[in-house]
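When the sequence shown is numbered by my numbering, its final residue is 56 and no position is left out of the sequence of numbers. Each residue gets a CB set at the ideal place from its N, CA and C atoms; glycine is no exception. Notes follow once the structure below has been shown.
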Amino acid sequence: MKVKIFDESHEKDLEGKINSFLSTLEGEVIDIKFETAIMTMGDEQIYCFSAMIIYM
């Protein structure tokens, strides 16, 4: 079993990276975990979109 972790500041970037990885994956996806985190610095909001793909 292996894992691949992705972390992007925009959900479309995360989607593109995951789709690119999956298009070349020769193994089987076991599970995908997704998480969103938001942090504020003054008036600015910073987003973090992450996913972990568990595969064989």
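Neighbourhood of residue i by C-beta distance below 8 Å, restricted to the same chain and skipping five residues each side
{"i": "M1", "result": "I30, I54, Y55 and M56"}
{"i": "K4", "result": "F21, M52, I53 and Y55"}
Own chain, CB closer than 6 Å to residue i, minus 5 neighbours either side, in chain order
{"i": "E35", "result": "S50"}
{"i": "K33", "result": "M52"}
Start and end residues, beta strand (DSSP E) containing residue i
{"i": "D31", "result": "V29 to M41"}
{"i": "E44", "result": "E44 to Y55"}
{"i": "E15", "result": "It is not in any beta strand (DSSP E) - E15 instead sits in the alpha helix (DSSP H) that spans E11 to T24."}
Residues near residue i by beta carbon distance below 7 Å, same chain, minus five either side
{"i": "E11", "result": "F49"}
{"i": "F6", "result": "L14, K17, I18, S50 and A51"}
Residue j beta carbon less than 8 Å from that of residue i
{"i": "S47", "j": "S23", "result": "For the sequence presented, residue 47 should be read as Tyr rather than Ser. Going by C-beta atoms, Y47 is not nearer than 8 Å to S23."}
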